[in-house]
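Just so we're aligned: 94 in the working numbering is position 103 of the sequence shown, and the numbers increase by one with no gaps anywhere.
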Amino acid sequence: MSDAETAAGTGAPRGGPDQLDEALLATLFTQSAVGLGVLDPQLRLVRANSLVEGEDVGEYIGHRFTEAFRLDDPDGTEQLMKRVLAGEGAARDHLVRGRLRRIPGDREFLVSVYRLDGPGGPEAPALGLLAAVVDVTERQRARARNAALAAVRDAVGGSLDVAATCRSFADALVPGFADLAVVEVVDDVLRGADPPVGPLPPGTPLRRAASGRCDAFRDTAEGAGEGGARERSGVTRRLAARTPYALATTDLRARLVPLGSDNPWPATDPDGARAVAETGAHSLIVVPLTLRGAVLGLVSLYRCGAAEPFDEDDVSLAVSAATRAALGIDNARRYEREHIIASTVQRRLLPQAERQQAAVDTAHVLLPGRDSGCWFDTIALSGARTALVVGGVAGEGLQSAIAMGQLRTVIQALAGLDLEPEEVLARLKDTADRLADERAALPPADALQSEPMSAGCVYGVYDPFTRTCTVARAGHPAPLIVGPDGRAVALDVPEGPGLFSTDSALFAPATVTLEVGSLLAFCTAELLSGDRAAERITETLARPGRSLQQLGDDIVYALPDDTRSAGAALLLARTGTVSDHLVATWDLAQDPTTPATARVLVRDRLQGWGLGEDTVEATELIVSELVTNAVRYGTPPLRLRLLLDSTLTCEVHDGSPASPHLRHARTVDEGGRGLFIVSRLASHWGARHGPDGKVLWTEQDLPEDERNGAGGER
-8 MSDAETAAGT GAPRGGPDQL DEALLATLFT QSAVGLGVLD PQLRLVRANS LVEGEDVGEY
52 IGHRFTEAFR LDDPDGTEQL MKRVLAGEGA ARDHLVRGRL RRIPGDREFL VSVYRLDGPG
112 GPEAPALGLL AAVVDVTERQ RARARNAALA AVRDAVGGSL DVAATCRSFA DALVPGFADL
172 AVVEVVDDVL RGADPPVGPL PPGTPLRRAA SGRCDAFRDT AEGAGEGGAR ERSGVTRRLA
232 ARTPYALATT DLRARLVPLG SDNPWPATDP DGARAVAETG AHSLIVVPLT LRGAVLGLVS
292 LYRCGAAEPF DEDDVSLAVS AATRAALGID NARRYEREHI IASTVQRRLL PQAERQQAAV
352 DTAHVLLPGR DSGCWFDTIA LSGARTALVV GGVAGEGLQS AIAMGQLRTV IQALAGLDLE
412 PEEVLARLKD TADRLADERA ALPPADALQS EPMSAGCVYG VYDPFTRTCT VARAGHPAPL
472 IVGPDGRAVA LDVPEGPGLF STDSALFAPA TVTLEVGSLL AFCTAELLSG DRAAERITET
532 LARPGRSLQQ LGDDIVYALP DDTRSAGAAL LLARTGTVSD HLVATWDLAQ DPTTPATARV
592 LVRDRLQGWG LGEDTVEATE LIVSELVTNA VRYGTPPLRL RLLLDSTLTC EVHDGSPASP
652 HLRHARTVDE GGRGLFIVSR LASHWGARHG PDGKVLWTEQ DLPEDERNGA GGER
């Protein structure tokens, strides 16, 4: 049978094995969608198809593979190929980065390398290598765009701080998408104002909220003089007219701008053009940060050096990312505005200056932060006593500040009734319960209706005559006490229920006797969080030779950073006593002649203090009425005390728990005018009760000359 007949009968191709191999190679090299190259043992190309579309294959023949593709890591790729030549197995899907002669920019290739065995098989030296090359640049770019957009979605929106939101946005885009990213926000927006409706007029102040650089260009920025300085956050510039930045904020559309020496717009913004030139940027995308037609700011993205210029697909991604960032910035701006209002309300509701107390020195520290419900107070009570208060309403925003103001006002009113600390907190909790009921009664559509309320308070009263401090607390940490010798004084105060809790447990006080010069620290829970927080504060308070304000500052310096961001309040008090020269005390008999005796004692003492005749006569009448009331209706023991400070205090103590009441006597009545006369002569008056009876007290304001000159030995 002839060769022709054999071929016709079996369907085998004409020609010998060599012709078959040649036909197979020709078909592969001309029709394969994958770039193929045959390398000799010296890794030179001896045969290749069009490895990359648009490239002339003839330019590659005779060149080493790494030279033909100008790879970034030629040594690593050659070592990989040599291992394949040595028979260590094929190398599949090896991603390399390089550049081509006719196509600008960096390219990425997926390379697979296979060993070409000779007639002796795998044991004989290899004839060469077969390299399959796929240009995956566009695929990698699309993947990078998706990764950048995913990074923006993950990073932006998790913070309610405008600057932090902008930083997260810039960090998400660099270096995966851009070499440089600059986020600028309209200056008024950073201050919490509503964003202006576009277009922005030229000259609008823009503040750099964040900027990011990839490592390859970071050194350039640090040494670039003025241009490097412009990369720092916080720099403010005015929007220059007739620039891509101004145009983007005029029609609210993104711009793709090639950067080169032939651009006309740098002449209108020489400072910005110089900064761009120093970075070596060649491609720019400008995207306005807009939301519902309002302009929040501007995003500028740059590519530098050998990086591929931006294209229209990149612009689409930048617009999507900027839309996400604008929403996050606006949310942060709204929160910042509410926080500013809440902080202002909080400041206005707190004491505006340190109040001088009779026997206590105080200082406070208020740390601004998210918590706008912290408060503190020092309240002067009768008998030279001082109430020390610290509390906090949990939560952020204006509603917390308002609730704080309500509670502080109530506790000031309750303190003026001379109630015991546990009774003050019990009545304060009643008020808190009513506030909670009012909130629960709001319409269901009101977001405030379902928002829980939580608050705590600690209330202490220091008496300089007994040197005792009585404390009660409602869901709040107990105060820390350090004696004048630096030792911590234990004060185990039972914890009562929080002010807005449903717990109906009673409040129990604790009393401790203090040495003169002891330090008390009333602070919110944030200051006592963390490892050894209480020990750290007591150790700080024990430092000798420090003023109260210095001790407060020292405590703040030692706080963890997260405490400062949350906000906290600290009230420090150094206990003292009343000078003997400013106090006069007499034990009186329960006798009808006692009022006359009391008037003589009072006149003699007040004249010794150098007070004027008007004050002496008014005090005589006050004391006469109070002592008469105690003799007629009270029980022994009877005691009279005068206290001179910025005011003149008169106190009459007797053993009866019954309190007199102010009456308005009729014209024909012979009595009932005593307390009415007292109320007209005194600035303040009241009664306080204790386990051994009651005290009726009055306070008289002194004229300026008597306040400055009385009690010469003070």
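Note that the Cβ used here is the ideal one computed from N, Cα and C, for glycine as well.
Here the structure is a predicted model, which is why all the values come from computation and not from measurement.
In the structure shown, residue 233 adopts coil according to DSSP, grouped into three states. In this structure residue 194 is exposed. Its beta-carbon is surrounded by fewer than 16 other beta-carbon atoms within 10 angstroms.
If the five residues before and after residue 238 are omitted, its C-beta is found closer than 7 Å to the C-beta atoms of 246, all from its own chain and listed in chain order. By the Cβ criterion, the stretch 508 to 517 is in contact with the stretch 527 to 534, since at least three pairs of Cβ atoms, one from each stretch, lie closer than 8 Å.
Bridge pairing for residue 691: 639 [DSSP]. In the structure shown, residue 89 adopts extended strand secondary structure according to DSSP, grouped into three states. The way I'd put it, the stretch 367 to 375 doesn't touch the stretch 464 to 477; fewer than three beta-carbon pairs between them come closer than 8 Å.
Just so you know, the alpha carbons of residue 669 and residue 478 end up roughly 46 Å apart.
Scanning 381, 636, 273, 356 for the CA closest to the CA of residue 571 turns up 636. When Cβ pairs closer than 8 Å are counted between the two stretches, the stretch 454 to 469 is seen to touch the stretch 480 to 498, the count reaching three or more. Put simply, the backbone Cα of residue 409 is about 35 Å away from that of residue 439. Nearest Cα to residue 277 within the set 289, 589, 38: 289. In the assembly as shown, residue 13 is an exposed residue. Its beta-carbon has fewer than 16 other beta-carbons within 10 Å. Taking C-alpha positions only, residue 465 is separated from residue 447 by approximately 5 Å. Look at the beta carbons and you see the stretch 195 to 205 touching the stretch 147 to 166: at least three pairs across the two are nearer than 8 Å.
Per the C-alpha coordinates, the member of 386, 423, 390 positioned closest to residue 402 is 423. Cβ-Cβ distances below 7 Å link residue 187 to 177, 285, 286 in the same chain, with the five nearest sequence neighbours on each side left out; the list follows chain order.
For residue 472, there is no enclosing alpha helix (DSSP H); the residue is found in the beta strand (DSSP E) stretching over 471 to 473. Judged by beta-carbon spacing, residue 32 lies beyond the 8 Å limit of residue 148, meaning their Cβ atoms are not closer than that value.
Note on residue 321: 16 or more other CB atoms within 10 angstroms of its CB, so buried under the neighbour-count rule. For residue 143, the enclosing alpha helix (DSSP H) starts and ends at 128 to 146. Boundaries of the alpha helix (DSSP H) harbouring residue 548: 539 to 548, taken from the DSSP string. Leaving aside the five residues that flank residue 109 on each side, the residues in its chain whose CB is nearer than 8 Å to its CB run, in chain order, 115, 116, 117, 118.
Bounds of the beta strand (DSSP E) holding residue 38 are 36 to 39. The shortest C-alpha to C-alpha distance from residue 546 to any of 558, 537, 528 is the one to 528. The stretch 330 to 339 makes no contact with the stretch 627 to 647, as fewer than three CB pairs between them are under 8 Å.
Taking C-beta separations shorter than 6 Å and ignoring five residues to either side along the sequence, the partners of residue 675 in its chain run 690, following chain order. The C-beta distance from residue 170 to residue 294 rounds to 5 Å, short enough to meet the 8 Å contact threshold.
C-alpha of residue 323 to C-alpha of residue 386: approximately 17 Å in a straight line.
Within 10 angstroms of the beta-carbon of residue 11 lie fewer than 16 other beta-carbons, which makes it exposed. Selection 190, 124, 262 evaluated against residue 30 yields 124 as nearest (Cα-Cα). By the neighbour-count criterion, in which a residue is buried when 16 or more other Cβ atoms sit within 10 angstroms of its Cβ, residue 327 is buried. Looking at the DSSP output, residue 280 sits in a beta bridge with 288.
Judged by DSSP in its simplified three-state form, residue 507 adopts coil rather than helix or strand.
Excluding sequence positions up to five before and after residue 144, its CB lies within less than 7 Å of the CB of 315, all in the same chain and listed in chain order.
Measuring C-alpha to C-alpha distances from residue 137 to each of 163, 389, 157 identifies 163 as the nearest.
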